[in-house]
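There are 4 protein chains.
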Amino acid sequence: MSSAKRGRGRPRSEEAHRAILGAAEKLLLKHGLTGASMDEIADYAGVSKATIYRWWPSKELLALEALLRSWDADVDDKKTDTGTLRGDLRAILRPWVKRATERRFTPLVAALTAEAQRDRHFAQTWRERFMESRRAGDREVFARAIRRGEINAKTDIDLALDMIFGTLYHRLLHAHQPVSVPVAYRVVDQVLAGLGSSA
Amino acid sequence: MSSAKRGRGRPRSEEAHRAILGAAEKLLLKHGLTGASMDEIADYAGVSKATIYRWWPSKELLALEALLRSWDADVDDKKTDTGTLRGDLRAILRPWVKRATERRFTPLVAALTAEAQRDRHFAQTWRERFMESRRAGDREVFARAIRRGEINAKTDIDLALDMIFGTLYHRLLHAHQPVSVPVAYRVVDQVLAGLGSSA
Amino acid sequence: MSSAKRGRGRPRSEEAHRAILGAAEKLLLKHGLTGASMDEIADYAGVSKATIYRWWPSKELLALEALLRSWDADVDDKKTDTGTLRGDLRAILRPWVKRATERRFTPLVAALTAEAQRDRHFAQTWRERFMESRRAGDREVFARAIRRGEINAKTDIDLALDMIFGTLYHRLLHAHQPVSVPVAYRVVDQVLAGLGSSA
Amino acid sequence: MSSAKRGRGRPRSEEAHRAILGAAEKLLLKHGLTGASMDEIADYAGVSKATIYRWWPSKELLALEALLRSWDADVDDKKTDTGTLRGDLRAILRPWVKRATERRFTPLVAALTAEAQRDRHFAQTWRERFMESRRAGDREVFARAIRRGEINAKTDIDLALDMIFGTLYHRLLHAHQPVSVPVAYRVVDQVLAGLGSSA
DNA sequence: GTGTAATCGAGACGGTACGTCGAGTCTTGTG
DNA sequence: CACAAGACTCGACGTACCGTCTCGATTACAC
């Protein structure tokens, strides 16, 4: 019956896996997509390049996973249910701003975003694994507000989220204006105000 | 005609200059920053690579200029003074959306944005020549609205602009949601609505 | 008879053995030493690579054995005693030329000869198993001729054999001149003529 | 006259060329075709790998040229006209044996011979540049003997040469029997004796 | 029968070299 | 001088193959 497919061959080394991701996190996050080479990563991980390529078909996919892990690493994903939409959004944005500004995520995010323009397939993966996955939670916050009757049921949630995160990413990427918790709060306020009237 | 400041040697070839930018526009816009090589560009322009590097210190700077020229090429920058802020913004965004969606700008913009993360110096140039230059006009529209008393004098113009363009770029870059003229109008409406209440 | 040393564990699979040699013969003979990979051979034999390496320490040794088997496969090693040295040598060379020209032995022979230059140990094995083993019979033909008084007892048999096979291999390896049964006969004639006078 | 094609661009660096061939001679001759890597050669030559590949399409072709140069390096190609065929052949073989036995040519020769079996194109080059080029002179020695009336005009020169060099290469490659000047002389004698009677 | 021991298939792994590509620099000869 | 041609350096890329290793599953002989 079952378990038929229980591993036949040599089991894949979780050790190696971890080492690769560790090296990728460290080197790619630090030096960026082009700043770190696969050879370096392999060396640093004490692993052969072939082993990396066995599991990650490209540098970009490896970087994506490293980014994801690093991103999710220090999240205290406290179920943020503060009772108000504004409160929930603030609770989401507070740690987001910290991560986004403290650590060197932006270079990788920018590089992978650029890669997504060149490779439709990667773009798909990028959307699913980076964008959509964190978006799901954010959408829920709006859904709750709708259930509460706090905002109009017809609110375009995706647009609202794009206005919030689009604005902040824009500043992050071009660094022409500061990104901070207060700024994030103001963005939330503006968006919320806008929602009300367009209802 | 004279040519007073004629140097000693062979005069610089405007012809070559134009050819380089033409090739850069064509190839870089079409295939992206990594998709086109300097050798290809030189070949296509019928120019030596050294000549390119004499005038543009790097591929990125060349791409930046090509992007700028292409961007400004088909602009009917009719001084758009419609009398209302909403009208002015719509007038600005209508051609913007066309350019941004019709032509292949996004890959280059994304690639150069990524480059800006790696190179502080390039980031500076990027901000000045790409961001700020088009921003000036946009800001003026808000300034006019303030003078008209249409919006609060303390309005954070930069934030408003980031909310508009940030949102649209966000969608452009990740293609998770559509970008269209109606969408752009809705963004304007939301932002304007937000401005009012936070005044 | 033997089987005395029957071990404790699972007996070695004769099936696997045959399959490996079969695959080796087929693939190595067809594509050469570098043209066929161990992975391919293992796959084709339906056997794991480790099983191959358990019994053959290296690709070269496996190839050697495959070559030997294939070489000896279609030999009608009719004890060729024709009564004269010339007749015996012709009887030996006739099938030799066929094998050497018809099938794809030369690439393997060349590759293994090259390997013998790099690895003294393999060179030893190569000499013993490939050269010497087929040489024994050839030498006997000369010994018979000496017993018959057909040629001088002091004839340098090894030199004679080297002159015959060296010449033919030379042509085989560099393909600058044809190898055929008539050519082989002429070589024999020349060598025999030479022997007589140097006696 | 010609010279029309005198380079426009940067002239190829004879320095680099020499360095590459020097490194190739040293490393490939010393460690063999597989024992030396292109990276090592590039390093040793103080040259980039790309430069090597610009001029030599493959490791094998580079090795061929290195072999040729090294082979021809220490030749005192004294026009050997001793008056007799035997004398001429001895004069040719004396230095040949020295080169062939003293220096580490055989591994490379064997490896390239093996390569010639895999690649028809390389085989062609190999024959032309290694075999035929040195053969031309050897053939002339026989032609002279024919003109002198020393040997039959119908002598199969190529066969005679194959018998001489084939025999010696055979011993060189398999090392089952010694190669020395006396041995070479005996081979010559045998071949010459054979020629006479088959005339 | 149950334990012990060798073998096998599957397949991951480290290592090492390959040949390719692109950016940017440098060296000539020519206009 | 500015330019065209193009050789050169540097360094990364992704691929391929070898031989080793780790497992779990088999298949005997021995107790």
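Chains A, B, C and D supply the protein sequences, listed in that same order.
Taking the numbering used here, the leading residue of the first sequence gets 1, the next gets one more, and so forth.
Taking the numbering used here, the leading residue of the second sequence gets 1001, the next gets one more, and so forth.
Taking the numbering used here, the leading residue of the third sequence gets 2001, the next gets one more, and so forth.
Taking the numbering used here, the leading residue of the fourth sequence gets 3001, the next gets one more, and so forth.
Every residue, glycine too, gets a C-beta built ideally from N, C-alpha and C.
Since we're looking at a predicted model, the values are computed, not measured.
{"Asked": "Examine chain A for any beta-carbon lying closer than 8 Å to the beta-carbon of B:G1083, and answer yes or no.", "Found": "no"}
{"Asked": "Drop a sphere of 10 angstroms on the beta-carbon of B:P1107, count the other beta-carbons inside from all chains shown, and report buried for 16 or more, exposed for fewer.", "Found": "buried"}
{"Asked": "Please list the partners that C:P2203 has in chain D, where partner means a Cβ-to-Cβ separation under 8 Å.", "Found": "Past the boundaries of the shown model lies residue 2203 of chain C; chain C is included only from 2001 to 2199, so the question cannot be answered."}
{"Asked": "Could you check which residue in A:L173, A:P182, A:A16 has the C-alpha nearest to that of B:R1118?", "Found": "A:L173"}
{"Asked": "Of the residues that make up the stretch 1047 to 1074 of chain B, which ones have a beta carbon closer than 8 Å to any beta carbon in chain A?", "Found": "none"}
{"Asked": "Of all the beta strand (DSSP E) runs that stay within the bounds of the stretch 2044 to 2081 of chain C, which reach a length of 3 or more residues?", "Found": "none"}
{"Asked": "Nearest-angstrom Cα distance between A:F205 and D:V3109?", "Found": "For chain A, the structure presents residues 1 to 199; residue 205 of chain A sits outside this window and is missing."}
{"Asked": "If we count the other Cβ atoms within 10 Å of its Cβ and call it buried at 16 or more, is D:R3171 buried or exposed?", "Found": "buried"}
{"Asked": "Anyone know if the C-beta pair for A:W126 and A:A136 falls short of 8 Å?", "Found": "no"}
{"Asked": "Answer yes or no: does any C-beta atom of chain C fall closer than 8 Å to that of D:L3121?", "Found": "Checking the sequence shown, residue 3121 of chain D turns out to be His, not Leu. Chain C contact via Cβ: absent."}
{"Asked": "Helix, strand or coil: how does DSSP classify D:D3189 here?", "Found": "helix"}
{"Asked": "Within the same chain, show all residues whose beta-carbon is closer than 8 Å to that of A:F142, passing over the 5 residues directly before and after it, in chain order.", "Found": "L85, I151, T155, I157, A160, L161"}
{"Asked": "Suppose the cutoff is 6 Å on Cβ atoms and the five residues either side in sequence are ignored; what does the same chain contact list for B:G1087 look like?", "Found": "none"}
{"Asked": "In whole angstroms, what is the alpha-carbon distance linking B:Q1190 and A:G194?", "Found": "4 Å"}
{"Asked": "Unbroken alpha helix (DSSP H) runs of length 4 or more, entirely within the stretch 2103 to 2136 of chain C: which are they?", "Found": "2105 to 2118, 2120 to 2126"}
{"Asked": "So, is B:T993 buried or exposed, given that buried needs 16 or more other C-beta atoms within 10 angstroms?", "Found": "Lying before the first or after the last residue shown, residue 993 of chain B is absent from chain B, which here runs from 1001 to 1199."}
{"Asked": "Just by C-beta distance, which residues in the stretch 2161 to 2188 of chain C are closer than 8 Å to chain D?", "Found": "D2162, M2163, F2165, G2166, T2167, L2168, Y2169, H2170, R2171, L2173, H2174, A2175, H2176, Q2177, V2183, R2186, V2187"}
{"Asked": "Please confirm if D:A3193 has its CB atom under 8 Å from at least one CB of chain C.", "Found": "yes"}
{"Asked": "Does DSSP put D:V3097 in a helix, in a strand, or in coil?", "Found": "helix"}
{"Asked": "Three Cβ pairs or more, each shorter than 8 Å: is that satisfied between the stretch 1173 to 1184 of chain B and the stretch 1087 to 1106 of chain B?", "Found": "yes"}
{"Asked": "Select from C:G2196, C:V2188, C:F2105 the residue whose C-alpha is nearest the C-alpha of C:L2029.", "Found": "C:F2105"}
{"Asked": "If you follow the alpha helix (DSSP H) that D:A3019 is part of, which residue opens it and which one closes it?", "Found": "3014 to 3035"}
{"Asked": "What is the rounded straight-line gap between the Cα of D:R3139 and the Cα of C:F2165?", "Found": "22 Å"}
{"Asked": "Please list, in chain order, the chain B residues whose beta carbon lies closer than 7 Å to that of A:A110.", "Found": "T1113, A1114, Q1117"}
{"Asked": "Can you tell me whether B:K1098 is buried or exposed, with buried defined as 16 or more other CB within 10 angstroms of its CB?", "Found": "exposed"}
{"Asked": "At the 8 Å Cβ level, is A:M131 part of the contact set with chain B, yes or no?", "Found": "yes"}
{"Asked": "Answer with buried or exposed for C:A2024, where buried requires no fewer than 16 other C-beta atoms within 10 angstroms of its C-beta.", "Found": "buried"}
{"Asked": "I'd like the span of the alpha helix (DSSP H) that includes D:I3157, first residue to last.", "Found": "3157 to 3174"}
{"Asked": "For A:A19 versus A:L27, is the C-beta spacing smaller than 8 Å?", "Found": "no"}
{"Asked": "According to a CB-to-CB cut-off of less than 8 Å, which residues of the stretch 1025 to 1037 of chain B neighbour chain A?", "Found": "G1032, L1033, T1034, G1035"}
{"Asked": "If B:A1145 sits next to B:G1032, beta carbons under 8 Å apart, how far is it from one beta carbon to the other, in whole angstroms?", "Found": "Contact doesn't hold; Cβ gap of about 38 Å is too wide."}
{"Asked": "Using a Cβ cut-off of 9 Å, pull out every chain D residue sitting near C:R2127, in sequence order please.", "Found": "H3174, A3175, H3176"}
{"Asked": "What does the Cβ neighbour count give for B:R1134, buried or exposed, with the cut at 16 atoms within 10 Å?", "Found": "buried"}
{"Asked": "Using CA coordinates, which residue listed in C:T2101, C:A2050, C:R2186, C:E2040 is at the minimum distance from A:R10?", "Found": "C:A2050"}
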